Amino acid sequence: MLVQSLPTAADTDYLLALAAKTSFIRAVVGWTDLLAPDAAAVIARLASYGKLKGLRPMLQDIDDDQWIANPALAPALAAMVEQGLRLDALVLPRHLPALLHCARAYPQLAIVIDHAAKPPIADAGFGAWREDMALLAALPNVHCKLSGLVTEARPGWNVDDLRPYAAHVLDVFGPRRVIWGSDWPVVDLAGGYAAWLAASEALLAHLGQEDRDDIFGRNACRFYGFE
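In this text, residue positions in the sequence shown follow this note's numbering: the first is 1204, and each later residue adds one.
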C-alpha cells in the first residue's frame, strides 16, 4: 500500500493514478485539506476511488498541538466516517492528548497511529508517551503502526534500543491492533529496509506464528479493508 508524503492534492492524485495502473498496489492513504469549506465533498469524491482507504493529515508538521481536536474538523471527520475511510495519525508524542480527544469524540472513525507516535528513543526516554499510548489503546477504534522506530533512534542503533518501545506498543494494543510498516523509503536514512525488517522479526520473535502473521500483514488488510 502507498501512503502520501506531501500535503498536496497532486500527490494524492499521483498515488491514485499509480494504483489504478498496477494490481499490486492494493490501497492508498491520501491527503486533503480537512479544514477546507468543501472538505466533505472532496472526501466523497476521493472515496469513489476504490483503492483510497484513508486520509492522513500531517500533524507532525502542524504547530498547533490541538489541531486534530478542532471543532471545525467535524464536517470532514463525519464525512470520513460516512465514507468508511480511516484516519492515519502522523503524530509526535505532544499530539497524543488531542488525538485521544478526537478518538473519543468519533468512536466510529478507525484511527491508526503512525510510527508509534515517534517516541523519544534517541534519549532512551518515555515521558508522557507511555501513558498517552495506553489511554489511546483502551479505545477499540485505535490501532498502532510498528514502524518508524529506527529513525527516532541514535545512529548505530541496535534491537535493544527499540525493544522497550515495541514491547509497550504490543502490550497495550495487543497483536491484533498492531500493524507493521516498512516506512520505506524514509527508513533508508537509518539503516534501510532489510535492517528494519530483521529488527522487527527479532522484536516479534517471542510471539506465535499467528500473531506474527497478523502484525506483518493480516492486520493491515483488515484495518484498511483489502485482501
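Using N, Cα and C, we set each Cβ at its ideal position, and we do this for glycine too.
Everything numeric in this text was worked out from a predicted model, so none of it was measured.
A distance below 6 Å between beta-carbons, with the five flanking residues on each side excluded, links Ala1337 to the following residues of its chain, in chain order: Val1375. Excluding the 5 residues flanking it on each side, Asp1236 has same chain C-beta neighbours closer than 7 Å at Ala1242, in chain order.
If you draw a straight line from the Cα of Pro1296 to the Cα of Arg1307, it comes to about 18 Å.
Runs of beta strand (DSSP E) with 3 or more residues, each lying fully within the region 1375 to 1403, are found at 1381 to 1383, listed in chain order. The alpha carbon of Val1345 has as its nearest neighbour, out of Ala1319, Gly1359 and Ala1331, the alpha carbon of Ala1319.
Restricting attention to Leu1365, Glu1430 and Asp1267, the CA atom closest to the CA of Leu1400 is found in Leu1365. Residue nearest to Ile1314 within the set Asp1216, Leu1342 and Asp1266 is Leu1342 (criterion: CA-CA distance).
Runs of the beta strand (DSSP E) lying entirely within the region 1227 to 1258, each at least 3 residues long, are 1231 to 1233 and 1255 to 1258 in chain order. Inclusion of Asn1422 and Val1381 in the CB contact set at 8 Å is warranted, their separation being smaller than that value. In the structure shown, Asp1291 falls within a strand segment according to DSSP collapsed to helix, strand and coil. DSSP places Leu1262 in the helix class (H, G or I) of the three-state scheme.
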